[in-house]
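**Q** Submitted below is the structure of interest, expressed as structure tokens.
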Amino acid sequence: MASPKHVLAAYAVVLNYDAEILLVKHPKRGWELPGGLVEEKESIRLSVIRQVKEETGIHIKLVKYCGIFQNPRSGICNFLFRGKPIGGRITIDENNEIEDADYFPIETAMRLVSWRNMKQRIFYCLDEKKHPFFVEF
Numbered sequence: 001m002a003s004p005k006h007v008l009a010a011y012a013v014v015l016n017y018d019a020e021i022l023l024v025k026h027p028k029r030g031w032e033l034p035g036g037l038v039e040e041k042e043s044i045r046l047s048v049i050r051q052v053k054e055e056t057g058i059h060i061k062l063v064k065y066c067g068i069f070q071n072p073r074s075g076i077c078n079f080l081f082r083g084k085p086i087g088g089r090i091t092i093d094e095n096n097e098i099e100d101a102d103y104f105p106i107e108t109a110m111r112l113v114s115w116r117n118m119k120q121r122i123f124y125c126l127d128e129k130k131h132p133f134f135v136e137f
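Here the sequence shown is numbered in full-length UniProt numbering, starting from 1 and rising by one per residue.
Following this line, the structure appears as structure tokens:
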């Protein structure tokens with residue numbers, strides 16, 4: 001029997017003090033939540049904090065674990081958190097794959113995000129009645 005293989009990723013819904021959500025613009029996927037793959041021997045929590053900082057220049061504090069979106073066919077497990085900014089300013093590293101980052105009112109953010117699955121993640125993270133959630137996609 002083969003060893004199980006899973007890919008772990010972590011994303012954050014970061015809300016600023018004006019209740020605006022932080023999004024990043026990927027060249028292929030468009031606007032989405034900041035986050036990405038968990039590196040080997042890295043904690044999931046530290047991974048999402050690192051990813052947000054690398055992609056946006058914003059240092060965050062995680063305030064809540066929200067849930068998991070899992071794709072059993074591909075082995076991908078996406079961990080979702082809520083976070084708040086505690087330092088930094090939006091800066092884009094030209095060596096990074098991210099084209100842009102900014103805060104948007106939630107309604108605007110939901111229009112900008114084109115991938116249905118990403119919209120669903122945001123919706124679930126914002127609705128505390130759904131926490132903790134487990135969604136297969």
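We put the beta carbon where it would ideally sit given N, CA and C, even for glycine.
What is the DSSP secondary structure of glutamate 54, reduced to helix, strand or coil?
**A** Residue state, collapsed to three classes: helix.
**Q** Tell me whether leucine 46 sits in a helix, a strand or coil according to DSSP, three-state version.
**A** Leucine 46: helix per DSSP, three-state reduction.
**Q** For lysine 64, write down the residues that DSSP places opposite it in a beta bridge.
**A** Per DSSP, Arg82.
**Q** So, for asparagine 117: in the same chain, excluding its five sequence neighbours on each side, which residues have a beta-carbon less than 6 Å away from its beta-carbon?
**A** Counting only Cβ-Cβ distances below 6 Å, and skipping sequence neighbours, we find Phe137.
**Q** For leucine 126, report the span of its alpha helix (DSSP H) as first-last.
**A** Note, leucine 126: alpha helix (DSSP H), 116-126.
**Q** Pull up the distance between the alpha-carbon of phenylalanine 81 and that of alanine 10, whole angstroms please.
**A** Approximately 8 Å, taken between the alpha carbons.
**Q** Reducing DSSP to helix, strand and coil, say where glutamate 40 ends up.
**A** Of the three classes helix, strand and coil, the one that applies to glutamate 40 here is coil, per DSSP.
**Q** Pull up the CB-CB distance for leucine 33 and alanine 12, whole angstroms please, since I reckon it's below 8 Å.
**A** That belief holds up - the Cβ atoms of leucine 33 and alanine 12 are roughly 6 Å apart, short of 8 Å.
**Q** Rounding to the nearest angstrom, what Cα-Cα distance links isoleucine 49 and tryptophan 31 in this structure?
**A** Whole-angstrom Cα-Cα distance: 19 Å.
**Q** Given that a residue counts as buried once 16 or more other Cβ atoms are within 10 Å of its Cβ, and exposed if not, what is tyrosine 17?
**A** It counts as exposed.
**Q** Quickly, what does DSSP pair proline 105 with across the bridge? List them, please.
**A** Glu20.
**Q** Can you confirm whether the segment 107-121 touches the segment 38-47 when touching is taken to mean that 3 or more C-beta pairs between the two stretches lie within less than 8 Å?
**A** No, they do not touch.
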